[in-house]
């Protein structure tokens with residue numbers, strides 16, 4: 001079979017306060033177009049459909065519209081699971097009816113063991129779950145998610161049809177993956193994700209949770225990543241979906257890019273440069289922008305003046321120099337406070353104190369001395 | 001056709017802080033039993049399925065379980081609309097799939113004009129809406145819901161099949177109905193409900209919103225009332241559902257009672273009586289109880305002592321005597337403050353001030369006089 005693997009839609013997510021619904025809709029439209037162009041047999045969504053357990057109504061509206069479009073109107077089988085951001089119970093609403101039109105939405109561990117059968121492939125849908133769910137299902141104690149997963153996969157394998165390929169769709173941190181800033185850590189009381197080796201019996205594992213497609217270096221176990229950049233740390237990631245061809249005797253996996261409707265960029269410049277048309281006309285100033293200001297001086301009304309030019313500022317940070325790792329000339333204990341501060345200031349800023357700053361320092365130290373007496 | 005008419009389930013509602021989910025589940029089980037016994041062709045739920053636009057997850061779980069049971073497992077056509085307590089967008093989730101198994105859930109005005117066709121009856125599902133929705137649909141201004149309803153019904157009637165009976169399911173206040181305390185008033189900026197006469201062209205109107213089955217005195221336009229008592233003011237209401245037989249040339253409507261899993265009762269007694277086994281062994285003390293205390297004295301640790309005997313106390317009120325309407329012996333202006341207070345006290349309590357109370361009064365009045373100087 002050939003399917004499209006996506007995940008982490010996070011519908012309703014806001015980026016530093018900016019609504020992303022329009023961008024999310026455009027990304028889903030691109031996914032739909034890719035599915036059509038690639039003539040896939042199914043669309044797999046590996047969890048975190050919503051960004052919050054109680055999404056806002058406009059997020060629900062967007063979700064309702066697009067699952068209806070993709071499944072009922074376009075006729076694609078949808079294979080979806082809940083992720084750690086979804087409320088399993090809320091997301092479950094309607095799922096008993098969805099399966100009548102091949103929209104398989106699984107939110108409970110107990111539903112993971114009956115595969116969705118395609119002519120040459122079995123697809124197992126394992127929603128995100130916490131160890132307590134495994135304890136209730138298997139009636140035994142699990143300290144780690146890895147221990148629970150071992151039993152889950154063992155039970156799944158009893159359903160394996162040896163004549164078919166076996167695909168697992170799930171939503172966990174797989175050891176060895178690299179994180180970004182926008183995935184909520186799944187770790188609970190020291191438990192972490194699951195090991196790559198536990199997944200070796202599947203012909204393909206379609207993962208959700210991490211937002212970068214390259215988070216894991218494994219041929220048959222992949223994160224699709226999110227369809228949009230959801231944090232500054234994802235700004236250089238290429239976003240898209242995997243087109244997976246799998247069967248008992250073949251495997252192929254190709255990446256298809258999603259063009260970001262609005263990009264995230266990091267710029268480093270002085271305030272003066274940023275307000276200079278010669279500078280800003282050369283950059284994509286309606287992108288979501290993180291600004292690193294090279295200035296050190298106080299800038300009155302800075303944010304408003306920047307926003308007049310850059311409508312989608314995510315954050316403005318002063319550029320801080322790298323902490324120097326060279327050792328100080330003299331041991332700290334041997335320096336008097338004024339000399340110690342002067343030395344620290346020079347290491348941190350590559351500048352020396354001005355006369356005014358030296359005066360502030362002297363008065364500050366005197367005040368401390370007085371207060372201590 | 002023969003259908004069961006219920007409404008105002010308010011799943012997730014709490015009664016003075018008490019969770020009602022268990023009682024709600026038992027009421028739905030009774031509805032299911034009545035539907036089976038009466039061999040109805042469909043179950044009509046006239047709005048307010050949930051109590052809140054964002055119901056708690058345990059409420060969602062109960063709702064999901066029972067719509068699945070009634071429609072998919074038992075096979076009843078369900079005809080339901082959103083009420084003023086429901087979020088139309090949230091409730092809509094899944095509805096496009098529901099109709100594949102004759103679960104018709106309508107949450108938008110635009111969906112009201114296409115009737116659900118039964119062999120001898122057309123059923124129109126008109127969800128609760130606000131005038132703004134009519135303005136968007138008809139592209140004209142409406143000041144009152146009555147004006148909007150007039151146009152809505154006129155458009156509906158264009159779909160009338162003269163060979164069939166016509167049933168309307170909706171969720172509004174119909175003028176002339178009597179309210180209780182647990183229905184949120186629909187009035188917005190002075191607009192009120194719809195007139196009974198506007199509904200005359202229907203063979204039956206299945207209403208939701210008011211919680212008493214007798215709120216309206218009309219043969220063919222009825223509130224089913226809520227399946228449970230949802231406020232103290234509903235304590236004497238008989239709860240249940242209507243079994244409606246309707247066709248082009250016949251009509252019959254019978255009430256089928258729901259036994260309250262836990263009743264609401266009002267008791268009037270003294271604290272001493274209430275704690276006396278001879279008293280409380282004769283009453284249903286595990287009912288939801290509103291207590292009118294006849295005592296006037298301060299009772300230390302009152303609530304805890306009462307709760308030890310009565311686990312589900314809704315409220316405790318001191319019994320206040322009816323305000324006397326007899327005129328005072330002398331016009332108020334001619335009485336000195338002590339005499340005026342004495343007279344008021346006697347009228348209000350049928351008692352005279354004790355010596356201590358008279359002393360408090362004198363000292364209080366003196367303090368006021370002093371403060372005023």
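Residue numbers (UniProt numbering), protein chains in the order written: chain F, 1 to 373; chain P, 1 to 373.
Every residue, glycine too, gets a C-beta built ideally from N, C-alpha and C.
Give the range of the alpha helix (DSSP H) segment to which residue 359(F) is assigned.
First-last of the alpha helix (DSSP H) with residue 359(F): 355-372.
Using only the alpha-carbon positions, how far apart do residue 31(P) and residue 251(P) sit?
One Cα belongs to residue 31(P), the other to residue 251(P), and the distance between them is close to 21 angstroms.
Cross-chain neighbours of residue 100(P) in chain F, by beta carbon under 8 angstroms:
Per Cβ cutoff of 8 angstroms: 97, 100, 101.
Contacts around residue 189(F), its chain only, beta-carbon distance under 8 angstroms, and the 5 residues preceding and following it disregarded:
Residue placement at residue 189(F) is poorly supported in this model, since its pLDDT is 38, which falls under 50; the coordinates still yield a value, given next. Around residue 189(F): no qualifying Cβ.
Name the DSSP beta bridge partners of residue 173(P), please?
DSSP, once it has assigned bridges, lists no residue as partnering residue 173(P).
Could you spell out where the beta strand (DSSP E) holding residue 91(P) opens and where it closes?
No beta strand (DSSP E) holds residue 91(P); the alpha helix (DSSP H) holding it covers 88-92.
Less than 8 angstroms separating the beta-carbons of residue 85(F) and residue 52(F)?
Yes; because the gap between Cβ atoms is below 8 angstroms, this pair is in contact.
Once DSSP output is grouped into helix, strand and coil, what is the label at residue 305(F)?
helix
Which chain P residues are close to residue 64(F), counting only those with a beta carbon under 7 angstroms from its beta carbon?
For residue 64(F), the residues of chain P that pass the 7 angstroms Cβ criterion are 92, 93, in the order they occur in the chain.
Within 10 Å of its beta-carbon, does residue 307(F) have 16 or more other beta-carbons around it, so buried, or fewer, so exposed?
By the 10 Å Cβ count, residue 307(F) comes out exposed.
Rounded C-alpha distance that separates residue 242(P) from residue 256(P):
6 angstroms
Quick one: using the 10 Å Cβ neighbour count with 16 as the cut-off for buried, is residue 368(F) buried or exposed?
exposed
Residue 140(F) CB to nearest chain P CB: under 8 angstroms?
no
Where the alpha helix (DSSP H) through residue 121(F) begins and ends:
Note, residue 121(F): premise wrong, no alpha helix (DSSP H); beta strand (DSSP E) at 121-126.
Return the residue from the list 316(F), 289(F), 290(F) that minimises the CA-CA distance to residue 301(F).
316(F)
Delimiting residues of the beta strand (DSSP E) encompassing residue 135(P):
Looking at the DSSP string, residue 135(P) is not in any beta strand (DSSP E); the run it does join, the alpha helix (DSSP H), is 131-138.
Of all the CB atoms in chain F, is at least one closer than 8 angstroms to the CB of residue 117(P)?
no
With 8 angstroms as the threshold, decide whether the Cβ of residue 68(F) is near any Cβ in chain B.
Looking at the structure shown, chain B is missing, and the protein chains on hand are F and P.
What would DSSP say about residue 291(P), mapped onto helix, strand or coil?
strand
Taking the alpha-carbon of residue 175(P) as reference, which of 221(P), 91(P), 121(P), 79(P) has the nearest alpha-carbon?
221(P)
Where residue 87(F) meets chain P, residues with beta-carbon distance less than 9 angstroms
57, 60
Partner residues on chain P for residue 72(F), Cβ-Cβ distance less than 8 angstroms
Chain P residues near residue 72(F): 96, 97.
What residues of chain P sit near residue 54(F), judged by a beta carbon separation below 8 angstroms?
The answer, in chain order, is 54.
Would you check if the distance between the CB atom of residue 312(P) and the CB atom of residue 18(P) is smaller than 8 angstroms?
yes
Let's test the definition: count the other Cβ atoms within 10 Å of the Cβ of residue 234(P) and tell me whether it reaches 16, buried, or not, exposed.
Residue 234(P) should be labelled buried.
Coil, strand or helix - residue 76(F) by DSSP
Reduced to three states, the DSSP call for residue 76(F) is coil.
Cβ-Cβ separation, residue 275(F) to residue 309(F) (assumed contact under 8 angstroms), whole Å
6 angstroms between Cβ atoms; contact.
Can you tell me where the alpha helix (DSSP H) with residue 6(F) in it begins and where it stops?
Element bounds for residue 6(F): not the alpha helix (DSSP H) but the beta strand (DSSP E), 2-6.
Compute the beta-carbon to beta-carbon distance between residue 122(P) and residue 164(P), rounded to the nearest angstrom, for a pair I have assumed lies under 8 angstroms.
5 angstroms
C-beta atoms of residue 141(P) and residue 113(P) nearer than 8 angstroms:
Cβ distance not < 8 angstroms, so residue 141(P) and residue 113(P) don't count as in contact.
For the candidate residues 347(F), 20(F), 125(F), whose alpha-carbon lies nearest to that of residue 399(F)?
This structure cannot speak to residue 399(F), because chain F is shown only from 1 to 373.
Environment of residue 135(P) [buried if 16+ CB atoms lie within 10 Å]
exposed
With a Cβ-Cβ cutoff of 8 angstroms, do residue 152(F) and residue 126(F) count as a contact?
yes
For a quick check, are the C-beta atoms of residue 109(P) and residue 129(P) less than 8 angstroms apart?
yes
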